[in-house]
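**Student:**
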Amino acid sequence: MTDEALTLDDEILARARIHAREVVDEHDLELDLGALEWDVSARARRRAGLCRWDADREVATIVLARRAYERYEWPEFAAVVRHELVHALEFQRFGESGHGERFCTLAARLEAPRRCRSFANPRYVLRCRGDDCDWRATRHRASQPVRAPDRYRCGDCGGALEVEHADSGRIWTAASGYGGAKAALGEDW
């Protein structure tokens, strides 16, 4: 890891901790900041943050994505921090957390989104091949439906699927097509 990465991670953690203290004070939250740990992920590609609960230690860990910090403006990233604080509070108080009604009520109070915007473009687009169906989904990783779309069906109409490699535009409908596209693209995969 470079000194630059360490410095950026330190900046992310410092800003997040300061913001967390401000949110707790401003909203008089019963969140134990002493039982809250922080980390930065350099690998995260889809989610801007997450909150893990260690029930044995009764400690919540908020993990923030470096790439999200680099791509978002601070107000949007601060909203991610508030979102994860809601999870941490739920874990501390109830031992569990989700995105249900309880979460939504507190998130609204903190002006935190229920879901955080993706900060990365997907690598793959799955689409239904049915004539009257416009179902589609995106993927960041080569999941089973991406590698072998012929084994799966559209959840809306039951039609066959196709997959597009977003960067190249290559499309396949079977496992052999996936392998062929991967081989043809080589380093551009």
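Note that my numbering gives residue 79 to position 78 of the sequence shown, counting from 1, and the numbers run on in steps of one.
Idealized CB from N, CA, C, for every residue including glycine.
Secondary structure at A167, three-state DSSP: helix, strand or coil?
**Tutor:** Locating residue 167 in the sequence shown gives position 166, counting from the first residue. In this structure, A167 counts as coil in the three-state DSSP scheme.
**Student:** Please classify P76 as buried or exposed, where buried requires at least 16 other C-beta atoms within 10 Å of its C-beta.
**Tutor:** Position 75 of the sequence shown, counted from the start, is the residue given in the question as residue 76. The residue in question, P76, is exposed, as its Cβ has fewer than 16 Cβ neighbours within 10 Å.
**Student:** Return the first residue and the last residue of the alpha helix (DSSP H) that S177 is part of.
**Tutor:** By one-based count along the sequence shown, residue 177 stands at place 176. Its alpha helix (DSSP H) spans residues A176 to L186.
**Student:** Is the beta carbon of E112 sitting closer than 8 Å to the one on R103?
**Tutor:** Against the sequence shown, residue 112 aligns to sequence position 111. Against the sequence shown, residue 103 aligns to sequence position 102. The answer is no: Cβ separation not under 8 Å.
**Student:** Any chance the segment 116-123 sits against the segment 51-61, with 3 or more Cβ pairs inside 8 Å?
**Tutor:** They do not touch, by the three-pair rule.
**Student:** What whole-angstrom Cβ distance do A49 and V81 have, given they're in contact under 8 Å?
**Tutor:** Working through the sequence shown from its first residue, we reach residue 49 at position 48. Working through the sequence shown from its first residue, we reach residue 81 at position 80. Confirmed, Cβ separation roughly 4 Å.
**Student:** Considering A138, what are the terminal residues of the alpha helix (DSSP H) in which it resides?
**Tutor:** Here residue 138 is taken as the residue at index 137 of the sequence shown, counted from 1. It is not in any alpha helix (DSSP H) - A138 instead sits in the beta strand (DSSP E) that spans R137 to R140.
**Student:** According to DSSP, L65 sits in a beta bridge with which residue or residues?
**Tutor:** Counting from one through the sequence shown, the residue named residue 65 turns up at place 64. Bridge partners of L65: V41 and G50.
**Student:** Compute the distance between the beta-carbons of I13 and R67, then report whether it is under 8 Å.
**Tutor:** As a working note, residue 13 is residue 12 in the sequence shown. As a working note, residue 67 is residue 66 in the sequence shown. Contact: yes.
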